[in-house]
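These notes are about the structure you will find just below.
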Amino acid sequence: MTTRQELRPDPTIRRRARRAITLPLAAVALGLTALAAPAPAQAAPPSVAQTWNTLMYRSLTRQQTAATLRTTIAAQQQTVVTRNSELTNATNAGALAQTQLTTATTADKNVRARVTAAQTTLTTARQNLAKAEKKKPRSNAAITKAKNAVTAATKTLTARQTEARTAATALSAAQINARTATATLATAVTNRDAAAAAVVVTQQKLTVLPTAYSLQTQATALGRDVVTQSRPTFAVADTVQVYGITVHRSVAYAFKRMLDDARANGVVLSGGGFRTKERQIQLRKSNGCPDVWTAPSSSCRVPTAIPGRSLHELGMAIDISQNGKTLSRNTTGFKWLQAHASAYGFINLPSEPWHWSITGG
Numbered sequence: 001m002t003t004r005q006e007l008r009p010d011p012t013i014r015r016r017a018r019r020a021i022t023l024p025l026a027a028v029a030l031g032l033t034a035l036a037a038p039a040p041a042q043a044a045p046p047s048v049a050q051t052w053n054t055l056m057y058r059s060l061t062r063q064q065t066a067a068t069l070r071t072t073i074a075a076q077q078q079t080v081v082t083r084n085s086e087l088t089n090a091t092n093a094g095a096l097a098q099t100q101l102t103t104a105t106t107a108d109k110n111v112r113a114r115v116t117a118a119q120t121t122l123t124t125a126r127q128n129l130a131k132a133e134k135k136k137p138r139s140n141a142a143i144t145k146a147k148n149a150v151t152a153a154t155k156t157l158t159a160r161q162t163e164a165r166t167a168a169t170a171l172s173a174a175q176i177n178a179r180t181a182t183a184t185l186a187t188a189v190t191n192r193d194a195a196a197a198a199v200v201v202t203q204q205k206l207t208v209l210p211t212a213y214s215l216q217t218q219a220t221a222l223g224r225d226v227v228t229q230s231r232p233t234f235a236v237a238d239t240v241q242v243y244g245i246t247v248h249r250s251v252a253y254a255f256k257r258m259l260d261d262a263r264a265n266g267v268v269l270s271g272g273g274f275r276t277k278e279r280q281i282q283l284r285k286s287n288g289c290p291d292v293w294t295a296p297s298s299s300c301r302v303p304t305a306i307p308g309r310s311l312h313e314l315g316m317a318i319d320i321s322q323n324g325k326t327l328s329r330n331t332t333g334f335k336w337l338q339a340h341a342s343a344y345g346f347i348n349l350p351s352e353p354w355h356w357s358i359t360g361g
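If you're matching positions, the sequence shown starts at 1 in the working numbering and goes up one per residue.
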């Protein structure tokens with residue numbers, strides 16, 4: 001809790017913080033990354049802070065994620081159509097290759113039979129020539145006829161052997177084509193099945209995608225654990241700047257989205273976030289608390305948390321202003337936050353319209 005005056009920037013504290021803390025270049029880069037969509041901020045330990053951040057990131061990008069999944073499904077379904085077409089072509093090509101192989105096999109078998117027959121004919125012709133040359137009395141006409149038969153049979157055998165080589169070449173090519181077609185068909189089946197399976201997987205992702213509300217609810221339930229577990233190890237290096245407002249890096253993405261979306265609705269918000277324990281002590285004193293360390297916040301003139309207990313000291317609470325003025329319940333800024341802030345993980349402290357944090361404390 002804080003006074004309305006805390007909504008104004010404190011240049012003294014800012015200069016002191018700049019002198020005290022010099023962030024390494026890597027830490028600055030990490031802080032900038034925390035604010036850059038679409039990647040969620042990298043929260044410092046403990047892990048529960050990162051879990052809160054991740055849940056809120058998923059909640060705030062749920063609509064975009066669902067749209068992306070639907071676009072992916074449409075593209076994958078088109079891929080299935082393409083793969084089915086490829087499968088049909090491969091099936092047809094395989095059938096044609098098998099027909100050509102059958103034809104080539106038959107042709108090779110037939111020509112081999114003709115070669116065998118031609119060889120038999122040549123053998124017989126040679127035998128007849130030998131008989132004619134041995135026959136007494138010698139018959140030149142018979143010998144000439146036998147020689148002509150040998151010549152014709154030799155010519156026929158040569159032609160049949162040429163045909164056989166051609167048929168063998170055609171058969172070899174048909175066998176290669178058939179093997180290629182078989183492999184192509186197998187690949188087409190695999191690709192079609194993979195494309196169909198991809199559609200199912202993406203559809204399942206869309207089906208089980210949690211609602212933004214459920215993710216936000218999970219994050220809200222972790223708020224107090226985030227605060228409790230972050231406090232012992234908190235360091236100023238765990239904070240980043242969001243439009244000049246210093247907040248814990250684990251809430252930076254959600255907070256930035258909230259300011260951006262409010263601005264898109266015509267509501268310009270700003271404010272003050274992180275403050276040091278020293279500043280909290282000063283506030284306790286200036287607000288007239290009976291004792292800085294022990295008096296309850298309600299005992300102060302303006303309720304002010306005991307040093308070490310304020311969420312401002314973690315950068316997890318923000319005193320929000322609109323157009324440079326403190327929020328009141330009748331401002332458009334408060335009404336907008338009242339309607340929408342919970343979607344970004346921020347809850348109002350009922351006694352202070354300007355005070356919003358991840359626990360409502």
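From the three backbone atoms N, C-alpha and C, an ideal C-beta is built for every residue, glycine too.
Values in this document were obtained by computation on a predicted structure and should not be read as measured data.
| field | Rounded straight-line distance, which links the Cα of residue 317 to that of residue 361 | value | Locating residue 361 in the sequence shown gives position 361, counting from the first residue. Locating residue 317 in the sequence shown gives position 317, counting from the first residue. Whole-angstrom Cα-Cα distance: 8 Å.
| With 8 Å set as the bound, which would you pick, yes or no: does the beta-carbon of residue 285 sit closer than that to a beta-carbon of chain C? | No chain C is present in this structure, which holds just one protein chain.
| message | Taking the alpha carbon of residue 150 as the reference point, which residue from 119, 226, 161 has its own alpha carbon closest? | response | Against the sequence shown, residue 150 aligns to sequence position 150. Out of 119, 226, 161, 119 has the C-alpha closest to the C-alpha of residue 150.
| request: Reducing DSSP to helix, strand and coil, say where residue 89 ends up. | output: On the sequence shown, residue 89 is found 89 positions in, with the first residue counted as 1. Looking at residue 89 - three-state DSSP - the assignment turns out to be helix.
| said: Excluding the 5 residues flanking residue 112 on each side, which residues of the same chain have their C-beta closer than 7 Å to its C-beta? | reply: Working through the sequence shown from its first residue, we reach residue 112 at position 112. Around residue 112: 164.
| query | Of the choices 217, 139, 95, whose alpha-carbon is the least far from that of residue 347? | reply | The sequence position of residue 347 within the sequence shown is 347, counting from 1. Considering only alpha carbons, the answer is 217.
| request: Leaving out five residues on either side along the sequence, give the residues of the same chain with a beta carbon under 6 Å from the beta carbon of residue 132. | output: Within the sequence shown, residue 132 is the residue found at index 132, counting from 1. For residue 132, where only same-chain residues beyond five positions count, the Cβ hits under 6 Å are 142, 143, 146.
| query | With 16 as the cutoff for other CB atoms within 10 Å, does residue 280 come out buried or exposed? | reply | As a first step, residue 280 is located in the sequence shown; it is residue number 280 there, counting from the start. Label assigned to residue 280: buried.
| query | Between the segment 195 to 209 and the segment 325 to 335, are three or more C-beta pairs nearer than 8 Å? | reply | No: fewer than three Cβ pairs fall under 8 Å.
| message | What does the Cβ neighbour count give for residue 344, buried or exposed, with the cut at 16 atoms within 10 Å? | response | Along the sequence shown, one-based indexing puts residue 344 at 344. Looking at its Cβ environment, which holds 16 or more other Cβ atoms inside 10 Å, residue 344 is buried.
| task | Return the CA-CA distance between residue 121 and residue 184, expressed in angstroms with no decimal places. | result | On the sequence shown, position 121 is the one that residue 121 refers to. On the sequence shown, position 184 is the one that residue 184 refers to. In a straight line, the C-alpha of residue 121 is about 46 Å away from that of residue 184.
| task | Look at residue 272 and residue 306 and say whether their C-beta atoms are less than 8 Å apart. | result | Stepping through the sequence shown from its first residue, residue 272 is reached at position 272. Stepping through the sequence shown from its first residue, residue 306 is reached at position 306. Contact: no.
| Under 8 Å between the Cβ atoms of residue 94 and residue 182? | Start at 1 with the first residue of the sequence shown, and residue 94 comes out as number 94. Start at 1 with the first residue of the sequence shown, and residue 182 comes out as number 182. Closer than 8 Å, so yes.
| Exposed or buried, residue 34, counting other C-beta atoms within 10 Å across all chains shown (16 or more means buried)? | Within the sequence shown, residue 34 is the residue found at index 34, counting from 1. Interpretation of residue 34 is limited by its pLDDT of 39, a score under 50 that renders its predicted location unreliable; no figure is taken from the coordinates.
| Three-state secondary structure assigned by DSSP to residue 318 | Taking the first residue of the sequence shown as 1, we reach residue 318 at position 318. Three-state DSSP puts residue 318 in a strand.
| said: I'd like to know whether the C-beta atoms of residue 314 and residue 59 end up nearer to each other than 8 Å. | reply: Translated into the one-based positions of the sequence shown, residue 314 becomes position 314. Translated into the one-based positions of the sequence shown, residue 59 becomes position 59. Not in contact: residue 314 and residue 59 (Cβ atoms no closer than 8 Å).
| field | Selection from 110, 357, 262, 351 that minimises the alpha carbon distance to residue 322 | value | The count along the sequence shown starts at 1 and reaches residue 322 at position 322. Nearest C-alpha to residue 322: 262.
| task | Take residue 324 as the anchor and find which of 268, 292, 78 has the nearest alpha-carbon. | result | If you number the sequence shown from 1, residue 324 lands on position 324. Nearest C-alpha to residue 324: 268.
| By how many angstroms is the C-alpha of residue 204 removed from the C-alpha of residue 28? | Translated into the one-based positions of the sequence shown, residue 28 becomes position 28. Translated into the one-based positions of the sequence shown, residue 204 becomes position 204. Per-residue confidence for residue 28 stands at a pLDDT of 32, beneath the threshold of 50, marking its modelled position as unreliable; no derived number is given.
| query | Under a three-way DSSP split, which group does residue 358 fall into? | reply | Numbered from 1 along the sequence shown, position 358 holds the residue referred to as residue 358. In this structure, residue 358 counts as coil in the three-state DSSP scheme.
| Start and end residues, alpha helix (DSSP H) containing residue 337 | Locating residue 337 in the sequence shown gives position 337, counting from the first residue. Looking at the DSSP string, the run of the alpha helix (DSSP H) that includes residue 337 is 332 to 340.
| query | Among 125, 265, 157, 310, which one has its Cα closest to the Cα of residue 278? | reply | Locating residue 278 in the sequence shown gives position 278, where the first residue counts as 1. Looking at the Cα atoms, 310 is the closest of the given residues.
| message | Rounding to the nearest angstrom, what Cα-Cα distance links residue 201 and residue 319 in this structure? | response | Within the sequence shown, the letter at position 201 stands for residue 201. Within the sequence shown, the letter at position 319 stands for residue 319. For the pair residue 201 and residue 319, the Cα-to-Cα distance works out to about 45 Å.
| said: Quick check on this structure: which residue in 349, 312, 282 has the alpha carbon closest to the alpha carbon of residue 274? | reply: One-based indexing of the sequence shown puts residue 274 at position 274. If we check each option's Cα against that of residue 274, 312 comes out closest.
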